[in-house]
């Protein structure tokens with residue numbers, strides 16, 4: 001027959017220390033978690049600012065592009081080469097004759 005003995009000390013100071021350590025750990029976890037959440041919120045704020053800056057830069061680029069395109073169209077219309085206009089002329093012998101239709 002095997003006999004096992006366990007020496008368990010259930011005195012009050014051990015329980016109090018355990019509860020105190022647990023409470024301290026929970027408080028530290030909450031503080032650390034809050035710090036991380038705050039840092040995350042700051043990062044999101046910086047990201048949103050960066051998105052705003054990016055959108056502004058894209059807007060500037062589009063605006064400049066539209067101005068350049070407008071200038072190009074204006075210059076093309078202003079400096080286009082003159083077209084030669086050809087009018088159909090009929091021979092002088094057909095001046096008094098009615099138009100013939102086929």
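Numbering (this note's numbering), first residue to last: 1 to 102.
All C-beta atoms, glycine included, are put in the ideal place defined by N, C-alpha and C.
- If you draw a straight line from the Cα of residue 35 to the Cα of residue 45, it comes to about 15 Å.
- A straight line joining the alpha-carbon of residue 75 with that of residue 59 spans about 24 Å.
- It is roughly 12 Å from the alpha-carbon of residue 70 to the alpha-carbon of residue 62.
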